[in-house]
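Participant:
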Amino acid sequence: MNTFNGRFYSIFIISYYTGYVVLGIALLMVLPILTAVGLQEWNPFWDFIITMAISIILGLLLIIIGKQTRHNKSFVQWKHGFVVASLSWIILMFLCAIPYLLSGHVNSILDACFDVMSGFTTTGMVLTQDLDHISLSLNLWRHMLTFIGGQGMIVLALTFLLKETGGAYIFYVGEAKDIDLVPNVKGTARIIWKISMVYLVIGTVALWIDGLAIGLTPLSAFFNGLFIFASSWSTGGFAPYTQNMMYYHSFSYENLTIIFFILGSLNFGLHYAILSGNKKELLKNIETQSFFISSFLASILAVMWLARTGVYHDAIAMFRRVVYNVLSAHTTTGFGSVYARQFALEWGDFGILILVIVMLIGGSACSTAGGFKGLRVGIIGNSILADVKRLLASERNVKVFRFHHIKDQILSDGLVKAAALIIICYLITFAIGTLIGTYYGYPLASAAFEAASITGNVGLSIGITAPGMPAVMKVYYIIAMYLGRLEFLSVFALIGFIIGGIKKCWTK
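Residues 1 to 508 (this note's numbering) are what the sequence shown spells out, left to right.
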């Protein structure tokens with residue numbers, strides 16, 4: 001029997017494509033290596049050389065194991081795409097954690113893996129210690145991970161490293177991205193990266209100029225602009241300093257980040273439509289309608305609540321300390337303009353509840369944002385309205401209900417059920433995280449806040465996430481970030497694949 005057609009063919013396919021993903025990330029380590037050389041950061045230089053060597057060896061080994069699949073792309077199935085996506089993230093978490101561990105700025109491999117998963121999932125929670133004094137090359141690596149994770153690292157690797165990507169769409173969906181800007185995935189992926197790189201140049205220059213205006217040196221202004229834009233656009237929330245956005249003490253800097261992280265939270269299809277001349281799509285799209293309505297309501301409620309409690313006394317303070325954090329939470333960016341404990345001490349339960357809700361909703365589907373997405377909220381909302389209209393209408397009047405998302409789409413029962421299923425999975429993950437937090441003695445409101453931030457890939461913290469928190473919480477938070485980013489299905493496919501393999505071995 002041909003080995004490829006035998007019982008191991010799935011393993012060969014998964015090994016082959018996973019190897020290319022690992023190899024792709026390994027090649028990207030050239031950038032922090034060159035930065036380390038340019039700035040004479042020799043310890044980080046060797047950290048990345050070691051990591052790159054290990055990653056290249058592993059990547060090539062996986063490709064060699066599955067090399068016979070390159071002529072059998074018709075065998076690539078949906079399960080392979082989902083498993084490659086979910087398995088690659090786990091392998092890369094360990095590989096990309098090596099520079100963190102070698103730097104001495106984390107206490108353990110668990111803390112290093114936590115920060116890498118936080119970066120890849122664009123969550124932005126941090127366990128790295130003495131953040132203000134880590135090397136620029138490691139800081140570059142941190143922000144590269146969140147930028148790459150936001151755009152989709154699986155498709156990046158497979159699209160630009162493989163000549164033929166006939167099954168690429170399968171891997172694309174496996175990474176929770178399902179959009180076709182042009183007929184083929186290779187073209188779609190390249191358009192997404194072109195859009196991102198254009199914004200990267202514009203955003204970095206804008207923040208560099210603003211950085212010069214607030215007193216940063218030219219080199220510092222450049223790197224800060226690059227890092228902050230990468231985190232804004234990817235809705236990642238990483239910052240080069242412990243104080244996050246408060247380090248800059250700049251209203252203009254904060255306003256620029258608002259523009260960039262709102263843009264980053266919008267669907268790539270929407271960006272493409274607008275850049276192609278279809279400006280009306282911004283107002284017609286169900287996701288933008290959902291986002292603008294929920295953002296407005298959440299901001300108004302938060303401002304009214306905190307004005308009532310007398311925490312902030314003027315409009316500028318309200319905007320910088322309240323509206324900014326609401327928008328940062330809703331877009332799942334996680335930039336903070338107040339200290340973590342201020343949420344617990346000043347915002348009260350009502351303010352925390354508002355942030356929990358918007359963190360769980362998140363941004364747009366097929367964007368860099370997390371959460372269960374405004375699209376699904378819009379679908380469920382429209383479904384409820386449709387059911388009400390059906391009840392009020394004549395039984396003979398059968399009407400097909402539609403919604404607009406890039407194009408007019410039918411509001412089918414299958415679509416509604418799929419949206420509801422993902423939302424339920426998010427809520428269950430959030431609930432378990434809240435229970436674990438309260439089990440370890442944290443107040444209910446604080447545990448819920450942190451669980452929502454982790455599950456929605458947000459990154460705002462109320463003070464729970466720290467190097468000293470229980471290891472069980474660190475492990476669960478890693479799992480929750482992972483599940484939330486891949487939107488569950490890929491991870492379920494990996495678990496099913498492993499269980500299926502065990503059953504086959506057991507029966508034989």
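Idealized CB from N, CA, C, for every residue including glycine.
This one's a predicted model, so the numbers in the text were calculated from it and none came from an experiment.
#1: What did DSSP end up calling residue 40 once you bin it into helix, strand or coil?
#2: Is it true that the CB of residue 123 sits closer than 8 Å to the CB of residue 458?
#3: Measuring only the C-alpha atoms, how far is residue 191 from residue 263?
#4: Output the distance between the C-alpha atoms of residue 244 and residue 225, rounded to the nearest integer angstrom.
#5: If the criterion is Cβ atoms closer than 8 Å, does the pair residue 33 and residue 52 meet it?
#6: Compute the distance between the beta-carbons of residue 481 and residue 464, then report whether it is under 8 Å.
#7: From residue 335 to residue 194, what distance separates their C-alpha atoms?
#8: Under the criterion of a Cβ to heavy atom distance below 7 Å, does residue 280 qualify as lining the ligand MN?
#9: Can you tell me where the alpha helix (DSSP H) with residue 289 in it begins and where it stops?
#10: DSSP three-state label for residue 238, please.
#11: If you reduce the DSSP assignment to three classes, tell me which class residue 498 lands in.
#12: Are the segment 21-35 and the segment 44-62 touching, with three or more C-beta to C-beta distances below 8 Å?
#13: Determine, using beta-carbon pairs with one atom in the segment 377-388 and one in the segment 414-434, whether at least three such pairs fall under 8 Å.
#14: Are residue 233 and residue 200 closer than 8 Å when you measure CB to CB?
#15: Please report the residue range of the alpha helix (DSSP H) in which residue 111 lies.
#16: Can you tell me whether residue 261 is buried or exposed? The criterion is at least 16 other CB atoms within 10 Å of its CB, across all chains shown.
#17: Just the Cα atoms here: how many angstroms apart are residue 41 and residue 13?
#18: Just curious, the alpha helix (DSSP H) that residue 413 is in, first and last residue?
#19: Can you tell me where the alpha helix (DSSP H) with residue 390 in it begins and where it stops?
#20: In angstroms, rounded to a whole number, what distance separates the CA positions of residue 17 and residue 149?
#21: Excluding five sequence neighbours on each side, which residues of the same chain lie with their C-beta closer than 8 Å to the C-beta of residue 474?
#22: Identify, in the order they occur along the chain, each residue of the same chain with its Cβ nearer than 6 Å to the Cβ of residue 95, setting aside the five sequence neighbours on each side.
#23: Would you mind reading off the limits of the beta strand (DSSP E) that contains residue 402?
#24: Assuming contact is defined by CB atoms lying nearer than 8 Å, are residue 403 and residue 409 in contact in what I supplied?
#25: Provide the residue span of the alpha helix (DSSP H) that contains residue 249, from first to last.
#26: Are there three or more Cβ pairs, one per stretch, closer than 8 Å when the segment 321-328 is compared with the segment 434-452?
Facilitator: Short version:
#1: Translated into positions along the sequence shown, residue 40 becomes position 40. The DSSP-derived three-state label of residue 40 is coil.
#2: On the sequence shown, position 458 is the one that residue 458 refers to. On the sequence shown, position 123 is the one that residue 123 refers to. Yes; because the gap between Cβ atoms is below 8 Å, this pair is in contact.
#3: The residue you call residue 191 lines up with position 191 of the sequence shown. The residue you call residue 263 lines up with position 263 of the sequence shown. Between residue 191 and residue 263, the C-alpha separation is close to 16 Å.
#4: As a first step, residue 244 is located in the sequence shown; it is residue number 244 there, counting from the start. As a first step, residue 225 is located in the sequence shown; it is residue number 225 there, counting from the start. Their Cα atoms are separated by approximately 13 Å.
#5: Against the sequence shown, residue 33 aligns to sequence position 33. Against the sequence shown, residue 52 aligns to sequence position 52. Their beta carbons are under 8 Å apart, which means residue 33 touches residue 52 by this criterion.
#6: Taking the sequence shown and counting its residues from 1, one reaches residue 481 at position 481. Taking the sequence shown and counting its residues from 1, one reaches residue 464 at position 464. Taking 8 Å as the Cβ cut-off, residue 481 and residue 464 do not qualify as a contacting pair.
#7: By 1-based counting over the sequence shown, the position of residue 335 is 335. By 1-based counting over the sequence shown, the position of residue 194 is 194. Straight-line Cα distance between these residues: approximately 25 Å.
#8: Because no ligand of any kind appears in the structure shown, any question about the ligand MN cannot be addressed here.
#9: Along the sequence shown, one-based indexing puts residue 289 at 289. Where residue 289 is concerned, the enclosing alpha helix (DSSP H) starts and stops at 286-309.
#10: Within the sequence shown, residue 238 is the residue found at index 238, counting from 1. Three-state DSSP puts residue 238 in coil, outside helix and strand.
#11: In the sequence shown, the residue the question calls residue 498 occupies position 498. Residue 498 falls in the helix class under three-state DSSP.
#12: yes
#13: yes
#14: Locating residue 233 in the sequence shown gives position 233, counting from the first residue. Locating residue 200 in the sequence shown gives position 200, counting from the first residue. In contact: residue 233 and residue 200 (Cβ atoms closer than 8 Å).
#15: In the sequence shown, the residue the question calls residue 111 occupies position 111. Run containing residue 111: 109-120, per the alpha helix (DSSP H) assignment.
#16: Counted from its first residue, the sequence shown places residue 261 at position 261. When all chains shown are included, residue 261 counts as buried.
#17: For the purposes of this step, residue 41 is identified with residue 41 of the sequence shown, where counting begins at 1. For the purposes of this step, residue 13 is identified with residue 13 of the sequence shown, where counting begins at 1. Near 39 Å, if we compare the C-alpha coordinates of residue 13 and residue 41.
#18: The count along the sequence shown starts at 1 and reaches residue 413 at position 413. 413-439 is the extent of the alpha helix (DSSP H) around residue 413.
#19: Within the sequence shown, the letter at position 390 stands for residue 390. Where residue 390 is concerned, the enclosing alpha helix (DSSP H) stretches over 374-392.
#20: By 1-based counting over the sequence shown, the position of residue 17 is 17. By 1-based counting over the sequence shown, the position of residue 149 is 149. Cα-Cα distance, rounded: 17 Å.
#21: The residue given as residue 474 occupies position 474 in the sequence shown. Within the same chain, residue 474 has close Cβ partners 110, 111, 114, 127.
#22: By 1-based counting over the sequence shown, the position of residue 95 is 95. These residues qualify, in order along the chain: 55.
#23: Along the sequence shown, one-based indexing puts residue 402 at 402. Element bounds for residue 402: 402-405.
#24: By one-based count along the sequence shown, residue 403 stands at place 403. By one-based count along the sequence shown, residue 409 stands at place 409. Yes, Cβ-Cβ distance for residue 403 and residue 409 is below 8 Å.
#25: Translated into the one-based positions of the sequence shown, residue 249 becomes position 249. That residue, residue 249, is in no alpha helix (DSSP H); it is neither H nor E in DSSP.
#26: no
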